[in-house]
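Chemist: Heads up: the protein sequence lines correspond to chains W and U, in order. For the first sequence, the working numbering assigns the number -5 to the initial residue and increments by one for each residue that follows. For the second sequence, the working numbering assigns the number -5 to the initial residue and increments by one for each residue that follows. Every residue, glycine too, gets a C-beta built ideally from N, C-alpha and C. Computed from a predicted model, the values in this text were never measured in an experiment. Input: one structure, supplied below.
Protein chains: 2
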Amino acid sequence: MKQKKSESPPEAGPARRRLLDTATRLFYESGIHAVGIDRIIAEAGVAKATFYNHFPSKDHLVVAYLEEMDRLGRAAVAALPKQAPRKMISAIMERISEAVVAGGWRGCPFLNAAAEYPDPASPVRHAINARRVWYHDSLQSLLAEDGDPTPSVTASLLVALSDGLLESAYLDDAESVPALVGEAVARLLDRR
Amino acid sequence: MKQKKSESPPEAGPARRRLLDTATRLFYESGIHAVGIDRIIAEAGVAKATFYNHFPSKDHLVVAYLEEMDRLGRAAVAALPKQAPRKMISAIMERISEAVVAGGWRGCPFLNAAAEYPDPASPVRHAINARRVWYHDSLQSLLAEDGDPTPSVTASLLVALSDGLLESAYLDDAESVPALVGEAVARLLDRR
DNA sequence: ACCCTAGCAGACAGGTCTGTATATCACAAT
DNA sequence: ATTGTGATATACAGACCTGTCTGCTAGGGT
């Protein structure tokens, strides 16, 4: 352990990556409690001991899963072309519509996880909370730039609309969701 | 089995009632997959054989749980004093705020159940769907009476708002939800 | 040549899950 | 008095759950 031990740590081996990818897919597709460790390691082609080397427990994997989802969402928003605040808000909200085109949409992964984790003090709920705060505050900042008199209230309404429309894309007629997104943004933002 | 066998069927015994009440509480509090049959019958004080006499399987109990929740919601709406459509809509939406005052709110039980049941063909999902259709159509009728030019679209937006605010009352600051409900209805309905 | 790390494979323990089966009890109608 | 029904208590089967443990293999740095 003289220096840094080769360059293993930076990438941390492909096993962890495979585990996280497989868990992400299975947790989202089937729900968290419905997916066991045995199935994850089997589909990832990883030994059980290796799994427990990377994640101390299943709950740690669940948190990593949600942090991964959070990271992807933030990256997608960060990759949006910079434009006027009002257009930025529309662009962010229109990301909801992508849930329709991409098949296999199963609702918001954070709401789904929250349904399975009642204890608000659990690390899983903290990860969910971090995501929600980021989303709300991002919208609030843009709304303030746009001159909204009550950016926090409007942001909360946009968050609620997002959650509701994401669930609607899962449970109701997904095809009608894109039109609803546009209509919702128009009604909420033009009336201030 | 000549006539009706005494008057047992009308009430169907208190065992079923106790089972359903206990399951309703536990499923909602802890999630569905997290609650086992053993725990339900223990807390209900019912023998296992009795349980399987009333419900052929756990899934049947889950469906009964959701139908019970649905029944309660429809009864609450039916009990609202009759008034002008616009006020009826507000009154229905303001029922969301009751989730705040009543402690132990854990989000919409139908969204929570949907998170745990990915198969859209399952009886559980059918029960969820029935509820959502009823809610949407109830709002749509009132909106049509109120002269809304696109009652179906507005109803979908109100449904999404309801779902989102119910989740917000669970995951975010519950105290601010009642004000958000009023604000949301005002912005959606005054701008048509 | 040596060692150390990472990974693979699989057995195992202890618990929980659903659903079935067995045996006993209480009560009500015939 | 007898029969039938519903409830109770408990044991059981078979599967699955998390998490630990023991061997074995391969590769790369020293």
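Output needed in chain order: residues of the stretch 88 to 112 of chain W with a Cβ under 7 Å from some Cβ in chain U.
Modeler: Here the close residues are Arg100, Gly101, Leu105, Asn106, Ala108, Ala109, Glu110, Pro112.
Chemist: Taking only the alpha-carbon atoms, compute the straight-line gap between Glu1 of chain W and Asn47 of chain W and give it to the nearest angstrom.
Modeler: A caution first: Glu1 of chain W carries a pLDDT of 36, below 50, which makes its placement in the model unreliable, though a value can still be read off. C-alpha separation (whole angstroms): 18 Å.
Chemist: Verify the CB distance criterion: does Ser132 of chain U have a CB-CB separation below 8 Å to chain W?
Modeler: Not closer than 8 Å to any Cβ of chain W, the Cβ of Ser132 of chain U fails to qualify, so no.
Chemist: Between Arg89 of chain U and the rest of its own chain, which residues show a CB-CB distance below 7 Å, the 5 nearest in sequence each way excluded?
Modeler: So the qualifying residues of the chain are Ala70.
Chemist: So Ser51 of chain U contacts chain W; which residues on that side make the cut at Cβ distance below 8 Å?
Modeler: Within 8 Å Cβ-Cβ: nothing; Ser51 of chain U doesn't reach chain W, min ~16 Å.
Chemist: How far does the alpha helix (DSSP H) with Pro143 of chain U in it extend, from its first residue to its last?
Modeler: Looking at the DSSP string, Pro143 of chain U is not in any alpha helix (DSSP H), and its letter there is neither H nor E.
Chemist: Would Arg126 of chain U pass as a contact of Asp166 of chain W if the rule is Cβ separation under 8 Å?
Modeler: Contact flag set, yes.
Chemist: Count the other CB atoms, across all protein chains shown, that sit within 10 Å of the CB of Glu161 of chain W; report buried if there are 16 or more and exposed otherwise.
Modeler: Classification for Glu161 of chain W: buried.
Chemist: Is the separation between the beta-carbon of Leu174 of chain W and that of Val147 of chain U shorter than 8 Å?
Modeler: Yes, the Cβ-Cβ distance between Leu174 of chain W and Val147 of chain U is below 8 Å.
Chemist: Short of 8 Å in beta carbon distance, which residues of its chain neighbour Val41 of chain W, apart from the five on each side in sequence? Order them along the chain.
Modeler: Note on identity: in this sequence residue 41 of chain W is Ala, with Val being the wrong assignment. Correct list, in chain order: Ile35.
Chemist: Assign Leu66 of chain W to buried or exposed, taking buried as 16 or more other Cβ atoms, counted over all protein chains shown, within 10 Å of its Cβ.
Modeler: Under this definition Leu66 of chain W is an exposed residue.
Chemist: Against chain U, with Cβ distances strictly below 8 Å, would Tyr59 of chain W count as a contact?
Modeler: No, Tyr59 of chain W lies away from the interface with chain U (no Cβ there is under 8 Å from its Cβ).
Chemist: I'd like to know if Gly158 of chain W contacts chain U, where contact means its C-beta is closer than 8 Å to some C-beta of that chain.
Modeler: So yes, Gly158 of chain W belongs to the interface.
Chemist: Run the CB neighbour count on Pro103 of chain W, radius 10 Å, all protein chains shown included, and call it buried at 16 or more, exposed below.
Modeler: By the neighbour-count rule (16 or more Cβ atoms within 10 Å), Pro103 of chain W is buried.
Chemist: Could you check where the alpha helix (DSSP H) with Phe45 of chain U kicks off and where it finishes?
Modeler: Its alpha helix (DSSP H) spans residues 42 to 48.
Chemist: Is any beta-carbon of chain U found at less than 8 Å from that of Val56 of chain W?
Modeler: With 8 Å as the cut-off, Val56 of chain W does not count as an interface residue toward chain U.
Chemist: Under a Cβ-count criterion, where at least 16 other Cβ atoms within 10 Å of its own Cβ denotes burial, should Gln134 of chain U be classed as buried or exposed?
Modeler: With 16 or more other Cβ atoms within 10 Å, it is buried.
Chemist: Counting only beta-carbon atoms, is Asp142 of chain U nearer than 8 Å to chain W?
Modeler: It does not: the Cβ of Asp142 of chain U has no partner Cβ on chain W nearer than 8 Å.
Chemist: Under 8 Å Cβ-Cβ, which residues of chain U neighbour His27 of chain W?
Modeler: Those are Gly25, His27, Ala28, Glu110, listed as they occur along chain U.
Chemist: To the nearest angstrom, how far is the alpha carbon of Arg191 of chain W from that of Leu155 of chain U?
Modeler: Because chain W here runs from -5 to 186, residue 191 of chain W falls outside it and cannot be looked at.
Chemist: With H, G and I counted as helix, E and B as strand and the rest as coil, what does DSSP make of Asp113 of chain U?
Modeler: DSSP places Asp113 of chain U in coil when its eight states are reduced to three.
Chemist: Note down the Cα distance separating Asp140 of chain W from Val179 of chain U, rounded to an integer number of angstroms.
Modeler: Each residue's Cα considered, the two are about 22 Å apart.
Chemist: Output yes if chain W places a C-beta closer than 8 Å to the C-beta of Val147 of chain U; else output no.
Modeler: It does; some Cβ of chain W falls within 8 Å.
Chemist: For Pro78 of chain U, does the three-state DSSP call read helix, strand or coil?
Modeler: Checking the displayed sequence, the identity of residue 78 of chain U turns out to be Ala instead of Pro. Coil at Ala78 of chain U, not helix or strand.
Chemist: Does the distance from the CB of Ile122 of chain U to the CB of Leu60 of chain U come in under 8 Å?
Modeler: Taking 8 Å as the Cβ cut-off, Ile122 of chain U and Leu60 of chain U qualify as a contacting pair.
Chemist: What would DSSP say about Ala93 of chain W, mapped onto helix, strand or coil?
Modeler: Three-state result, Ala93 of chain W: helix.
Chemist: Taking CB distances under 8 Å as the criterion, tell me whether Pro4 of chain U reaches chain W.
Modeler: Note that Pro4 of chain U scores a pLDDT of 36, beneath 50, so its modelled location is shaky; the value from the coordinates is reported in the next line. Chain W contact via Cβ: absent.
Chemist: Are any of the Cβ atoms in chain U nearer than 8 Å to that of Pro172 of chain W?
Modeler: So no, Pro172 of chain W is outside the interface.
Chemist: Cβ of Ile31 of chain W within 8 Å of Cβ of Lys52 of chain W?
Modeler: The answer is yes: Cβ separation under 8 Å.
Chemist: Indicate whether at least one CB of chain U lies closer than 8 Å to the CB of Ser162 of chain W.
Modeler: Answer yes: the Cβ-Cβ gap between Ser162 of chain W and chain U drops below 8 Å somewhere.
Chemist: Return the chain-ordered list of same chain residues with a C-beta closer than 7 Å to the C-beta of Pro259 of chain U, the five sequence neighbours on each side being excluded.
Modeler: Shown here, chain U extends from -5 to 186; a query on residue 259 of chain U therefore has no answer.
Chemist: Quick one: give me the first and last residue of the alpha helix (DSSP H) that Asp166 of chain U is part of.
Modeler: Per DSSP, Asp166 of chain U belongs to no alpha helix (DSSP H) and is neither H nor E.
Chemist: For Ala109 of chain U, count the other beta carbons within 10 Å of its own beta carbon; 16 or more makes it buried, fewer makes it exposed. Which is it?
Modeler: Its Cβ being crowded by 16 or more others within 10 Å, Ala109 of chain U is buried.
Chemist: What I want to know is whether the C-beta of Ala96 of chain W ends up closer than 7 Å to one or more non-hydrogen atoms of the ligand ADP.
Modeler: Looking at this structure, you won't find the ligand ADP or any other ligand, since it has none at all.
Chemist: Quick one: is Ser135 of chain U near chain W, going by C-beta distance under 8 Å?
Modeler: Not one chain W Cβ lies under 8 Å of Ser135 of chain U.
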